[in-house]
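First to last, the protein sequences are chains A and B. Under the numbering used here, think of the first position of the first sequence as 10, with each following residue one higher. Under the numbering used here, think of the first position of the second sequence as 564, with each following residue one higher. Beta carbons: idealized from backbone N, C-alpha and C, even for Gly. Take a look at the structure below.
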Amino acid sequence: MKVSIDQDRCVAAGSCVTAAMDVFDQRDEDGVVVLLDPEPPAGLAAEVREAAAVCPAAAITVHE
Amino acid sequence: MSVPGHVVIVGASAGGLTTLEALRRLGHDGAVTVIGDEIHPPYDRPPLSKQVLSGAWHPDRAALRTAEAIGLLGADLRLGERAVALDSATRTVTTSGGMSVRGDAIVIATGATPRRLPGSEGVAGVHVLRGLDDTLRLREDLEPGRRLVVVGDGVLGSEIAATAVGLGVDTTLVGPQAAPMRLQLGDEVSALLGQLHTDQGVRLRLGTAVDGLVVSEGRASGVRLTTGEVLPADVVVIAFGAAPATDWLAGSGLYLDNGVVCDSRCLAADGVWAVGDVARFHHEHLRRSIRLENRTNATEQAMLVAANILGADRAYTPVPYFWTDQFHVKIQVYGTPTPEMRFGVVDGSPESGRFVGVYHLGDRPAAVLGWNMPKQARQHRQLLLPVPVPPKG
Ligand SMILES: Cc1cc2nc3c(=O)[nH]c(=O)nc-3n(C[C@H](O)[C@H](O)[C@H](O)COP(=O)(O)OP(=O)(O)OC[C@H]3O[C@@H](n4cnc5c(N)ncnc54)[C@H](O)[C@@H]3O)c2cc1C
């Protein structure tokens, strides 16, 4: 699984961090998403899909 | 309950699309029909009053998914088709195009419709802002130097004023509150927001109700206040709230009361569910019935409803959340501040332009606000989660 993010779309809600904290974080200064792991292990796949689904700005894309 | 074969979703925006995606993610491979009255493929609303209205984004960027991703969901997507009736007993939806479709489960995701000022229909220069077409029409009218009056001092009116003044439009914000968004933010923070608007060039005419439009030769020429004063205008935006889109549900057999009334599972009647701005649900932690009009609610509620349709039986108990971006300020709000709450800063400071504050009801934290500190605000969200009751013994 590969993950990509669009920081320009991000609205800093942080929903992705709540869903998958090992894969996403937020910048301290403006809350914009940071991708910690662009190729997360299979064990985190469900969390990552949830994070992409719950993002209120469609800023996360999962490539299976 | 057996897993429903055919799911019919009415409304093809954040709530409707998320329901479809979540059904597929959870393994539902039966037929899904999605009926949406807009001709545009599903798009997102928050950027409309911000990046799309300002021109920073081409309207296409507001699309929620690529055409390819939507195609892969394998649904029968009927765009430009309006649902005109539902019979909840037989779960049959009828559309403006004469289609009649029966579902084993129905999901109502029709959102909300902006309130209009009486006498404003057909008047040139008067706008509301809910959809993409509204946004493009308004943008066309916002030429630099024109006089804009925004009627409504809530979140939408404040955002539109902020964007318009950035386009060089002479902008006035009117509404009954003492400061913009006072109802949602309380005295302290709304005063800061009012100061921000003033500093950036928005003229605030607050604390006065609007009496009506002034129209000359079929075009808006001003807004009359109850004091008798007239604010001259070339363009007027009406942004004083939206009503849940339930007109089409008259005679459906559903209980409608400022939204489709649902239980804590978001179930409105046997096999009939509601999500997003249109849904009023019983919140088990808050112990009352609420309706939320914000973006994350549409998604989270849709995900839960998809799971419940497939048999999960989970209660929906969100911490309400919304954000708003105005000028260089990003505001995040968790929980629902009310005027009787006490507000205190816990991180950063208003002077530095960045802070997190907590609203207390008595000695209990009841809401959290971030001002240019989104991450830190989210980290305080857990203050609002119900404290688990320790087991006895
Ligand atoms: C300009 C704007 C800016 C916003 N900014 C923010 C923000 O910054 N932060 C935030 O948290 N929230 C924001 N929101 C709120 C957020 O966008 C909504 O809560 C969210 O769109 C609700 O999703 P929904 O799917 O329930 O309803 P909607 O998005 O309203 O979608 C309902 C869809 O159903 C269609 N429909 C209605 N009736 C019928 C019918 N009879 N038959 C078929 N289709 C029908 C509608 O045309 C629409 O396409 C904003 C809203 C607007 C309008």
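Checklist entry - Could one say the Cβ of residue 23 (chain A) lies closer than 8 Å to chain B's Cβ atoms, at least one of them? => result To locate residue 23 (chain A), count along the first sequence from 1; it is residue 14. Residue 23 (chain A) counts as touching chain B.
Item to check | Simplified DSSP assignment, three categories, for residue 820 (chain B) | outcome: Here residue 820 (chain B) refers to the residue found at position 257 when the second sequence is read from its first residue. It is coil, neither helix nor strand.
Next on the checklist: Taking only three categories from DSSP, how would you classify residue 836 (chain B)?
Outcome noted: Start at 1 with the first residue of the second sequence, and residue 836 (chain B) comes out as number 273. It is a strand residue.
Next on the checklist: Beta carbons nearer than 7 Å to chain A: which residues of the region 835-868 of chain B have them?
Outcome noted: Taking a C-beta cut-off of 7 Å against chain A, the contacting residues of the region 835-868 of chain B are 858, 859, 862, 863, 866, listed in chain order.
Item to check | Cross-chain neighbours of residue 588 (chain B) in chain A, by beta carbon under 8 Å | outcome: Indexing the second sequence from 1 puts residue 588 (chain B) at position 25. For a Cβ distance threshold of 8 Å, residue set 58, 62 of chain A lies close to residue 588 (chain B), ordered along the chain.
Checklist entry - Taking DSSP as the reference, what is the three-state secondary structure of residue 598 (chain B)? => result By 1-based counting over the second sequence, the position of residue 598 (chain B) is 35. Residue 598 (chain B): strand per DSSP, three-state reduction.
Next on the checklist: Counting only beta-carbon separations shorter than 8 Å, does residue 609 (chain B) have a partner in chain A?
Outcome noted: As a position in the second sequence, residue 609 (chain B) is number 46, starting the count at 1. So, interface residue.
Item to check | Beta-carbon proximity list for residue 853 (chain B), same chain, < 6 Å, skipping 5 on both sides | outcome: Taking the second sequence and counting its residues from 1, one reaches residue 853 (chain B) at position 290. 846.
Item to check | 4 or more residues per run - each alpha helix (DSSP H) lying fully within the region 742-795 of chain B | outcome: Complete alpha helix (DSSP H) runs here, min 4: 745-762.
Checklist entry - The beta strand (DSSP E) spanning residue 49 (chain A) covers which residue range? => result For the purposes of this step, residue 49 (chain A) is taken as the residue at position 40 of the first sequence. Note, residue 49 (chain A): premise wrong, no beta strand (DSSP E); not H, not E.
Next on the checklist: Less than 7 Å separating the Cβ of residue 836 (chain B) from some heavy atom of ligand 1?
Outcome noted: The residue given as residue 836 (chain B) occupies position 273 in the second sequence. The closest heavy atom of ligand 1 lies 7 Å or more from the beta carbon of residue 836 (chain B).
Item to check | DSSP state of residue 21 (chain A) mapped onto helix, strand, coil | outcome: In the first sequence, the residue the question calls residue 21 (chain A) occupies position 12. Residue 21 (chain A): coil per DSSP, three-state reduction.
Checklist entry - Closer than 7 Å: is that where the CB of residue 654 (chain B) sits relative to any heavy atom of ligand 1? => result For the purposes of this step, residue 654 (chain B) is taken as the residue at position 91 of the second sequence. For residue 654 (chain B), the shortest C-beta to heavy atom distance toward ligand 1 is 7 Å or greater.
Item to check | Own chain partners of residue 595 (chain B) with C-beta closer than 6 Å, once the 5 adjacent residues on each side are dropped | outcome: Within the second sequence, numbered from 1, the residue matching residue 595 (chain B) stands at position 32. For residue 595 (chain B), where only same-chain residues beyond five positions count, the Cβ hits under 6 Å are 570, 583, 638.
Checklist entry - Within the present structure, is the beta-carbon of residue 739 (chain B) separated from the nearest heavy atom of ligand 1 by less than 7 Å? => result What you label residue 739 (chain B) is simply residue 176 of the second sequence in a count that begins at 1. Checking the Cβ of residue 739 (chain B) against ligand 1 gives no.
Checklist entry - Which one of B:600, B:896, B:566, B:714 has the shortest CA to CA distance from residue 785 (chain B)? => result Stepping through the second sequence from its first residue, residue 785 (chain B) is reached at position 222. Minimum Cα distance to residue 785 (chain B) is reached at B:714.
Item to check | Reduced DSSP secondary structure (H/G/I, E/B, other) of residue 590 (chain B) | outcome: Residue mapping note: residue 590 (chain B) aligns to position 27 of the second sequence, counting from 1. Residue 590 (chain B): coil per DSSP, three-state reduction.
Item to check | DSSP-derived helix/strand/coil call for residue 531 (chain B) | outcome: Residue 531 (chain B) is absent from the model: chain B starts at 564 and stops at 956.
Next on the checklist: When you compare the region 730-749 of chain B with the region 758-777 of chain B, are there three or more beta-carbon pairs, one atom per stretch, that lie closer than 8 Å?
Outcome noted: Yes, the region 730-749 of chain B is in contact with the region 758-777 of chain B.
Checklist entry - Just curious, the alpha helix (DSSP H) that residue 718 (chain B) is in, first and last residue? => result Position 155 of the second sequence, counting from 1, holds the residue named residue 718 (chain B). Per DSSP, residue 718 (chain B) belongs to the alpha helix (DSSP H) from 718-729.
Item to check | Where residue 564 (chain B) falls, given that 16 or more other Cβ within 10 Å makes a residue buried | outcome: Here residue 564 (chain B) is taken as the residue at index 1 of the second sequence, counted from 1. The predicted model places residue 564 (chain B) with a pLDDT of 47, which falls under 50 and marks its position as unreliable; any figure quoted below should be read in that light. By the neighbour-count criterion, in which a residue is buried when 16 or more other Cβ atoms sit within 10 angstroms of its Cβ, residue 564 (chain B) is exposed.
Item to check | Three-state secondary structure (DSSP) of residue 541 (chain B) | outcome: The structure shown does not extend to residue 541 (chain B), since chain B is modelled only from 564 to 956, so the question has no answer here.
Checklist entry - Between residue 54 (chain A) and chain B, is there a C-beta pair that is closer than 8 Å? => result As a position in the first sequence, residue 54 (chain A) is number 45, starting the count at 1. Under the 8 Å criterion on CB atoms, residue 54 (chain A) is classed as non-interfacial with respect to chain B.
Item to check | Three-way DSSP call (helix, strand, coil) for residue 677 (chain B) in this model | outcome: Taking the second sequence and counting its residues from 1, the one referred to as residue 677 (chain B) is at position 114. In the structure shown, residue 677 (chain B) falls within a strand segment according to DSSP collapsed to helix, strand and coil.
Checklist entry - If you compare alpha carbons, which of A:60, A:71, A:69, A:68 is closest to residue 863 (chain B)? => result Position 300 of the second sequence, counted from the first residue, corresponds to residue 863 (chain B). Out of A:60, A:71, A:69, A:68, the CA that lies nearest to the CA of residue 863 (chain B) is found in A:60.
Item to check | DSSP bridge partner residues for residue 886 (chain B) (one or two, in chain order) | outcome: Counting from 1 along the second sequence, the entry for residue 886 (chain B) is found at position 323. Answer is B:895, bridged to residue 886 (chain B).
Item to check | residue 760 (chain B) versus B:663, B:834, B:727, residue with shortest Cα-Cα distance | outcome: The residue you call residue 760 (chain B) lines up with position 197 of the second sequence. Of the candidates B:663, B:834, B:727, B:727 places its Cα closest to the Cα of residue 760 (chain B).
Item to check | residue 747 (chain B) to residue 627 (chain B) span [Cα, whole Å] | outcome: For the purposes of this step, residue 747 (chain B) is taken as residue 184 along the second sequence, with counting starting at 1. For the purposes of this step, residue 627 (chain B) is taken as residue 64 along the second sequence, with counting starting at 1. For residue 747 (chain B) and residue 627 (chain B), the distance between alpha carbons rounds to 27 Å.
Checklist entry - Taking 8 Å as the CB-CB cut-off, is residue 31 (chain A) touching chain B? => result In the first sequence, residue 31 (chain A) corresponds to position 22, counting from 1. It does not: the Cβ of residue 31 (chain A) has no partner Cβ on chain B nearer than 8 Å.
Checklist entry - Between residue 20 (chain A) and residue 34 (chain A), is the Cβ-Cβ spacing less than 8 Å? => result Here the question's residue 20 (chain A) lines up with position 11 in the first sequence. Here the question's residue 34 (chain A) lines up with position 25 in the first sequence. No, the pair does not count as a contact, with Cβ atoms beyond the cut-off.
Item to check | Three-state class that DSSP yields for residue 605 (chain B) in the structure shown | outcome: For the purposes of this step, residue 605 (chain B) is taken as residue 42 along the second sequence, with counting starting at 1. Looking at residue 605 (chain B) - three-state DSSP - the assignment turns out to be coil, as it is neither helix nor strand.
Next on the checklist: On the CB-based measure, 16 or more other CB atoms within 10 Å of its CB, does residue 12 (chain A) come out buried or exposed?
Outcome noted: Taking the first sequence and counting its residues from 1, the one referred to as residue 12 (chain A) is at position 3. Of the residues assessed, residue 12 (chain A) falls on the buried side of the cut-off, its CB having 16 or more other CB atoms within 10 angstroms.
Next on the checklist: Against chain B, with Cβ distances strictly below 8 Å, would residue 65 (chain A) count as a contact?
Outcome noted: Within the first sequence, residue 65 (chain A) is the residue found at index 56, counting from 1. Closer than 8 Å to some Cβ of chain B, the Cβ of residue 65 (chain A) qualifies, so yes.
Checklist entry - Between the beta-carbon of residue 909 (chain B) and the beta-carbon of residue 651 (chain B), is there less than 8 Å? => result Position 346 of the second sequence, counted from the first residue, corresponds to residue 909 (chain B). Position 88 of the second sequence, counted from the first residue, corresponds to residue 651 (chain B). Result no, Cβ atoms of residue 909 (chain B) and residue 651 (chain B) do not sit closer than 8 Å.
Next on the checklist: Against chain A, which members of the region 929-944 of chain B pass a CB distance test of less than 7 Å?
Outcome noted: Answer set for the region 929-944 of chain B: 937, 938, 941.
Next on the checklist: Taking 8 Å as the threshold (beta carbon to beta carbon), is residue 16 (chain A) in contact with chain B?
Outcome noted: Working through the first sequence from its first residue, we reach residue 16 (chain A) at position 7. Closer than 8 Å: no.
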